[in-house]
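Asks:
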Amino acid sequence: MDRTSSRTKNRKLIIISILGAITAALGFTPLGFIPLGILNATTLHIPVIIGAIIEGPFVGAIVGLIFGLSSIMRSIMNASPLTPFIMNPLVSVLPRILIGLFAGYAYIWVKKLDEKLLKKLSYVAWTICSGFLGYVLYSNITSSGSTMTIVLSTIFLGLSLFMLYYTNKKMNSDFAVVASAFIGSMTNTIFFLGMMYILYAEQYMIAVGQPVELARQVIFGIAITSGIPEAILSVIVTTAVVKGVLLSSKR
């Protein structure tokens, strides 16, 4: 029993170290942002969600803590008008810890639902993802987007269509992963922007050059236009990685 417990702890520490390092690396390199033409989607929170799914909420929260601390370091090294706000842990650290907790417990709860219901929900989710990415690809082509954005849009659309096909052919559902990834991503968006609004609404609007009285509309608009697309991207990447990890662990 002690040996099993020790192995489990060691595995969790290894996962935390690897995902924490990946999170920090994404934050300090262009890999943390994927250009899709009409938006630049962040991938920084995805390792947090992956850790929460494969090893539980506690591991996800620790990786989220690393994410938050690295964002403070990045803000210090690359100062911007938002740096004073990001230096506050309530803005930069707490929301990232909550990503791991919300994503981890969402995965545990959704896994308990009926398998047939999960498959139907998964099918709907991947249909929506495919439709959105099809629109992104169409927009990039018709607006003469760069080759990079068109290629990336095509790749993610292909992955989404594959998951739609896979869900239709296989009885086992991945909706628990889908829901966890979506909830985790939106947790990051809602709590980060929410804390920014609660604590620094006036200063934030001045920093971004917008009228102070429009704070609610501007922040809510960012949550919709950036948060939902990032959540969809998070669903695709997280599902692909988690499925790969789970399949390799069964061998």
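Start counting the sequence shown at 7; every next residue gets the next number (the working numbering).
Positions of the beta carbon are idealized from the N, C-alpha and C atoms, including for glycine.
(1) DSSP three-state call for M7: helix, strand or coil?
(2) Determine the direct distance from the alpha carbon of G140 to that of S150, and round the result to whole angstroms.
(3) Alpha carbons only, please: which of T14, L253 and T244 is nearest the one belonging to T48?
(4) Return yes when the Cβ of S191 is within less than 8 Å of the Cβ of A237, no when it is not.
(5) Buried or exposed for I13, going by 16 or more other Cβ atoms inside 10 Å?
(6) Going by the beta-carbon positions, is the gap between S186 and A67 smaller than 8 Å?
(7) Taking 8 Å as the cut-off, decide whether the C-beta atoms of A58 and Y129 are in contact.
(8) Nearest to S107 by CA position, among L71, P63 and V247, is which residue?
(9) Per DSSP, what kind of secondary structure is T35 in: helix, strand or coil?
(10) Could you give the uninterrupted runs of the alpha helix (DSSP H) lying entirely in the region 142 to 199, keeping only those of 4 residues or more?
(11) With which residues is T49 paired in a DSSP beta bridge?
(12) Using a Cβ-Cβ cut-off of 8 Å (strictly less than) and excluding sequence neighbours within five positions of L124, which residues of its own chain qualify?
(13) Are there three or more Cβ pairs, one per stretch, closer than 8 Å when the region 84 to 102 is compared with the region 203 to 215?
(14) DSSP three-state call for A213: helix, strand or coil?
(15) Hey, how far is the Cα of I156 from the Cα of L143?
(16) Using only alpha-carbon positions, find the residue among I22, T173 and L19 that is nearest to K122.
(17) Taking the alpha helix (DSSP H) that M3 falls in, what are its first and last residues?
(18) With C-beta atoms as the reference, is H51 less than 8 Å away from I103?
(19) Using three-state DSSP, classify S254 as helix, strand or coil.
Replies: With the structure as the only source:
(1) No answer about M7 holds up, because its pLDDT of 49 lies below 50 and its placement is not dependable.
(2) 15 Å
(3) T244
(4) yes
(5) It should be pointed out that residue 13 corresponds to Arg in this sequence rather than to Ile. So R13 counts as exposed.
(6) no
(7) no
(8) In the sequence under discussion, the amino acid at residue 107 is Leu, which differs from the Ser named in the question. Considering only alpha carbons, the answer is P63.
(9) coil
(10) 153 to 175
(11) DSSP output for T49 lists no bridge partner at all.
(12) V116, S179, F181 and A182
(13) yes
(14) helix
(15) 6 Å
(16) T173
(17) Here the chain covers residues 7 to 257 and nothing more, so residue 3 does not appear.
(18) no
(19) helix
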